[in-house]
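First the structure, in the form of structure tokens, and then the observations on it.
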Amino acid sequence: MSFWSLVLPSSPSLSANLVKPLNGYGRLDRYLVRASSSDVPDFLSADWLESRRKRPFGPRLDFSAEDAVRHQLDALKYNDHPRYDYGIEVMYRFAGFDPFERSTYFGPFFDLGQFERFRRIFHHSSYRVLLGHKDRKILSSLLVEENRFKQRIWIQGTRPEEEEIFEFTMFQRIGGSWDGYWLTESLLHDGDVFSGGMAY
-17 MSFWSLVLPS
-7 SPSLSANLVK
3 PLNGYGRLDR
13 YLVRASSSDV
23 PDFLSADWLE
33 SRRKRPFGPR
43 LDFSAEDAVR
53 HQLDALKYND
63 HPRYDYGIEV
73 MYRFAGFDPF
83 ERSTYFGPFF
93 DLGQFERFRR
103 IFHHSSYRVL
113 LGHKDRKILS
123 SLLVEENRFK
133 QRIWIQGTRP
143 EEEEIFEFTM
153 FQRIGGSWDG
163 YWLTESLLHD
173 GDVFSGGMAY
């Protein structure tokens, strides 16, 4: 429904006599009335404004390093909710690497600038245990420096006898737009998972 159909009566000629939108010279601008009186489809959903207020889940200033690790693991536990690979998207938002440089996020230098490459590594046999895991236990936590934190976590996967140990290294960004946020510097598997190489 258009704006003018809410304000003006149905006939444009009748509406011109009742409400006189004026152009800059004091005359009725009929083109304006005709163009705006036609029905214009509403392309925005009813909850558009509310959805604009919602930020995608990712780092928050009030998260501690432990909170940041916990939220990432929760996202991976329910990886496909609310959509496919949503948990990996959350991990990508927490990742503290430069997308234009090769990264040691998973150990060896990888080009992780594109989300698809990042996603493929999580579906690699050693990291897929994190996706939809059944249980986890914190083995150790260490505040290495004031702005660097490490945590080793045991993960039990959904497949029989599937369990792995991972180490999160978190760092608190200093300066810039992410000042004070805890981001993931690396997520390392305890074993040598890429010894045979990996096509990502």
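Letter 154 of the sequence shown, counting from 1, is numbered 136 in our numbering, and no numbers are missing. Using N, Cα and C, we set each Cβ at its ideal position, and we do this for glycine too.
Between which two residues does the beta strand (DSSP E) holding residue i run?
i: Gln133; result: 130 to 138
i: His171; result: 164 to 171
Leaving aside the five residues before and after residue i along the sequence, list all residues of the same chain whose C-beta is less than 8 Å from its C-beta, in chain order.
i: Ala17; result: Caution applies to Ala17, whose pLDDT of 49 falls short of 50 and renders its modelled position unreliable; the value that the coordinates give is listed next. Same-chain partners within the cutoff: there are none.
Consult DSSP for residue i and reduce its assignment to one of helix, strand or coil.
i: Ile147; result: strand
i: Glu127; result: strand
i: Asp117; result: strand
i: Phe92; result: strand
Provide the residue span of the alpha helix (DSSP H) that contains residue i, from first to last.
i: Ile156; result: Where Ile156 is concerned, there is no enclosing alpha helix (DSSP H), given that its DSSP letter is neither H nor E.
Looking only at C-alpha atoms, which of the options sits nearest to residue i?
i: Ala57; options: Asp44, Leu43, Pro38, Ser46; result: Pro38
i: Pro67; options: Phe91, Ile103, Pro81; result: Note that residue 67 is Asp in the sequence shown, not Pro. If we check each option's Cα against that of Asp67, Ile103 comes out closest.
i: Lys116; options: Ala50, Asn61, Val51; result: Asn61
i: Arg52; options: Ser159, Phe91, Phe153, Arg118; result: Arg118
i: Thr140; options: Leu113, Ser85, Phe97, Trp160; result: Leu113
Could you tell me the alpha carbon to alpha carbon distance between residue i and residue j, rounded to whole angstroms?
i: Glu127; j: Glu167; result: 14 Å
i: Ile183; j: Gly157; result: Residue 183 cannot be examined here, being either before or after the span of the chain that is shown, -17 to 182.
i: Pro64; j: Arg130; result: 31 Å
i: Phe88; j: Pro142; result: 25 Å
i: Gly162; j: Glu145; result: 33 Å
i: Phe45; j: Arg110; result: 26 Å
i: Leu125; j: Lys132; result: 6 Å
i: Ile120; j: Glu149; result: 10 Å
i: Leu165; j: Ala50; result: 8 Å
i: Arg99; j: Pro81; result: 11 Å
i: His106; j: Leu43; result: 31 Å
For residue i, which residues of its own chain have a beta-carbon under 7 Å away from its beta-carbon, when the five flanking residues on both sides are left out?
i: Gly40; result: Val72, Arg75, Phe76
To which residues of the same chain is residue i closer than 6 Å at the C-beta, ignoring the five residues directly before and after it?
i: Leu170; result: Gly89, Glu149
i: Ile135; result: Arg118, Ile120, Phe148
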